[in-house]
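Engineer: Could you have a look at this structure, given as C-alpha cells, before my questions?
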Amino acid sequence: MSDIRFDDRVVVVTGAGNGLGRAYALEFGSRGAKVVVNDLGGSSFGEGSDQRIADVVVDEIKAGGGEAAANYDSVTDGEKIVQTALDAFGRVDVVINNAGILRDKTFHKMSEEDWNLIYDVHVRGTFKVTHAAWPLMREQNYGRILFTTSAAGVYGNFGQTNYSMAKLGQLGMAQTLALEGRSKNICVNTIAPIAGSRLTETVMPKELVDALRPEFVVPLVVKLCDENSTETCGLYEVGAGFIAKLRWERTQGKTFSIAEGFTAEDVLDAWDEIIDFTDATHPSNITEANTAIMTNLKSAAS
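What the sequence shown shows, in our numbering, is residues 1 to 302, in sequence order.
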C-alpha cells in the first residue's frame, strides 16, 4: 500500500491554531504539503485575536521539516487567506473549511448578534474562502475541498439553532459545488466530526473531550483530499475510530390522485403509510427526488 503524499500541493486550513484544524495542518505538513495555517486567534465565542496561535502551528510544521505560512485574517476575509497561499506558494490545491465558533442559547434567548456572528463565520466565511479559491482550482483543473458540518446540523441539537442552521448550510453549499466542480476535477466532501476541542469542551465533560482526540478524524480528511481520490458529494460522520457515510432516506410515501382531488382527511387516513420507513428509498439527487412528483403530474395530464 503506497503512502498518501501531498508533495508540491498547497493546503489551506482555516481555524488551524487549535483542535481539529491544528491536527490537520500538522498531518498535511508531515505528508509534504505546503500549509497555510489560518487562525484569527479569537475565543471560541468569536471574541478577540492573537497571532501567536497560528505562529505556533507554523513553527511546529517547520520543526518537522515541512513548509508553512501563517495567516491571521478572519474567514470573512477569505480572499486574504487565499492570497497568502498565492504569495507564499503560488497556488491552492486543497481547502479545509474548519474554522468555527459557538454562541449557544435557546432560541427565545438568542439575540440577532448571536445569530449573525455564527452565520458570518460558518456560512459567509466558508463561502468567502471557497469562492476565492474556486477560480484557481477551475483554471488548474484540480482541487479538493472539505466542508465541516455537525451532528447538530444533521439532527438538530437543543440550544444550537444558529449553529445547526449554519452547519447544514455548509452541507448544502458543498453538495452543489460537488456537482459544479466534477468536470474540473474538483472533489468536494463534507464531514460531521466529533472531537475534543475548544468548542466541544463547552458541552461535554472533560474526560470525554480528552478521549475524543482530533487525531481520530485526520485519516478520513487525508483520504478525501488525496489527489487519487475521486470521492465527491459525500457526507461522513467520523470520530473515535468510527467512520460512516450518511445519506438521505425517504419512505415509499403515498401518491394521491390530483385529478380526483384529495383532502386533509385523506392524508390523515394514509398517515401510517406516509411515515412508514419499511423498504425506504434513498434519492441521491434532485431528479431522483422529484421522480414520484413528476410521474404523478404526467398521470393526471394523460
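Even glycine gets a Cβ: it sits at the ideal position worked out from N, Cα and C.
Just so we're clear, the structure is a prediction, and the values are computed from it rather than from any experiment.
(1) Taking a contact to mean a Cβ-Cβ separation below 7 Å, would you say residue 5 touches residue 31 in this structure?
(2) CA-CA distance, residue 153 and residue 25?
(3) Could you check the C-alpha separation between residue 104 and residue 74 for me, to the nearest Å?
(4) Could you check what DSSP says for residue 17 in three-state terms: helix, strand or coil?
(5) In whole angstroms, what is the alpha-carbon distance linking residue 64 and residue 41?
(6) Quick one: grab the DSSP three-state call for residue 187.
(7) According to DSSP, is residue 236 part of a helix, a strand, or is it coil?
(8) Between the C-alpha atoms of residue 156 and residue 229, what's the straight-line distance to the nearest angstrom?
(9) Could you tell me if the beta carbon of residue 283 falls within a distance shorter than 6 Å of some heavy atom in the ligand ATP?
(10) What does the alpha-carbon distance come out to for the pair residue 301 and residue 293?
(11) Spell out the partners DSSP gives residue 38 in its beta bridges.
(12) Which residues in the same chain have their Cβ closer than 7 Å to the Cβ of residue 251, if we skip the five residues on either side of it in sequence?
(13) When DSSP builds the beta bridges, which residues end up paired with residue 242?
(14) Taking the DSSP output, what are the residues bridged to residue 94?
(15) Can you tell me whether residue 105 is helix, strand or coil according to DSSP?
(16) Can you say whether residue 122 is buried or exposed, counting buried as having 16 or more other CB atoms within 10 angstroms of its CB?
(17) With DSSP as the reference, please indicate the residues paired to residue 250 in a beta bridge.
(18) Quick one: Cα of residue 193 to Cα of residue 242, how far?
(19) Let me know if residue 267 comes out buried or exposed under the rule of 16 or more other beta-carbons within 10 Å of its beta-carbon.
(20) From residue 66 to residue 136, what does the alpha carbon distance come to, in whole angstroms?
(21) Decide yes or no for the touch test of the segment 8 to 16 against the segment 206 to 221: beta carbon pairs closer than 8 Å, at least 3 of them.
(22) Could you check the C-alpha separation between residue 177 and residue 188 for me, to the nearest Å?
(23) Buried or exposed for residue 93, going by 16 or more other Cβ atoms inside 10 Å?
(24) For residue 232, does the count of other Cβ atoms within 10 angstroms reach 16, so buried, or fall short, so exposed?
Structural biologist: On the basis of the supplied data:
(1) Counting from 1 along the sequence shown, the entry for residue 5 is found at position 5. Counting from 1 along the sequence shown, the entry for residue 31 is found at position 31. Closer than 7 Å, so yes.
(2) Translated into positions along the sequence shown, residue 153 becomes position 153. Translated into positions along the sequence shown, residue 25 becomes position 25. Taking the straight line from one Cα to the other gives about 25 Å.
(3) Taking the first residue of the sequence shown as 1, we reach residue 104 at position 104. Taking the first residue of the sequence shown as 1, we reach residue 74 at position 74. Looking at the two C-alpha atoms, the distance is approximately 20 Å.
(4) On the sequence shown, residue 17 is found 17 positions in, with the first residue counted as 1. Note: residue 17 maps to coil in three-state DSSP.
(5) For the purposes of this step, residue 64 is taken as residue 64 along the sequence shown, with counting starting at 1. For the purposes of this step, residue 41 is taken as residue 41 along the sequence shown, with counting starting at 1. Within the model, the alpha-carbon separation for residue 64 versus residue 41 is close to 23 Å.
(6) Walking along the sequence shown from the start, residue 187 turns up at place 187. It is a strand residue.
(7) The residue given as residue 236 occupies position 236 in the sequence shown. DSSP places residue 236 in strand when its eight states are reduced to three.
(8) Taking the first residue of the sequence shown as position 1, residue 156 is located at position 156. Taking the first residue of the sequence shown as position 1, residue 229 is located at position 229. In a straight line, the C-alpha of residue 156 is about 31 Å away from that of residue 229.
(9) With respect to the ligand ATP, the structure shown offers nothing to examine, as it has no ligands at all.
(10) For the purposes of this step, residue 301 is taken as residue 301 along the sequence shown, with counting starting at 1. For the purposes of this step, residue 293 is taken as residue 293 along the sequence shown, with counting starting at 1. A direct Cα-Cα distance of roughly 13 Å separates residue 301 from residue 293.
(11) Translated into positions along the sequence shown, residue 38 becomes position 38. Residue 38 is bridged to 71.
(12) Within the sequence shown, numbered from 1, the residue matching residue 251 stands at position 251. Cβ contact annotation for residue 251 (same chain, cutoff 7 Å, sequence separation greater than five): 274, 275, 276, 277, 280, in chain order.
(13) Taking the first residue of the sequence shown as 1, we reach residue 242 at position 242. Looking at the DSSP assignment, residue 242 forms a beta bridge with 239.
(14) Position 94 of the sequence shown, counted from the start, is the residue given in the question as residue 94. 11, 144, per the DSSP bridge assignment.
(15) The residue given as residue 105 occupies position 105 in the sequence shown. DSSP, read as helix, strand or coil, puts residue 105 in strand.
(16) Locating residue 122 in the sequence shown gives position 122, where the first residue counts as 1. So residue 122 ends up on the buried side.
(17) Sequence index remark: in the sequence shown, residue 250 carries index 250 (1-based). Paired residue(s): 281.
(18) Counting from 1 along the sequence shown, the entry for residue 193 is found at position 193. Counting from 1 along the sequence shown, the entry for residue 242 is found at position 242. Taking the straight line from one Cα to the other gives about 10 Å.
(19) Counting from one through the sequence shown, the residue named residue 267 turns up at place 267. Answer is exposed; the Cβ neighbour count stays below 16.
(20) The residue given as residue 66 occupies position 66 in the sequence shown. The residue given as residue 136 occupies position 136 in the sequence shown. So the two alpha carbons sit approximately 24 Å from each other.
(21) Contact fails: fewer than three Cβ-Cβ distances are below 8 Å.
(22) For the purposes of this step, residue 177 is identified with residue 177 of the sequence shown, where counting begins at 1. For the purposes of this step, residue 188 is identified with residue 188 of the sequence shown, where counting begins at 1. For residue 177 and residue 188, the gap between their C-alpha atoms comes out near 7 Å.
(23) Working through the sequence shown from its first residue, we reach residue 93 at position 93. With 16 or more other Cβ atoms inside 10 Å of its own Cβ, residue 93 counts as buried.
(24) Taking the first residue of the sequence shown as 1, we reach residue 232 at position 232. Label assigned to residue 232: buried.
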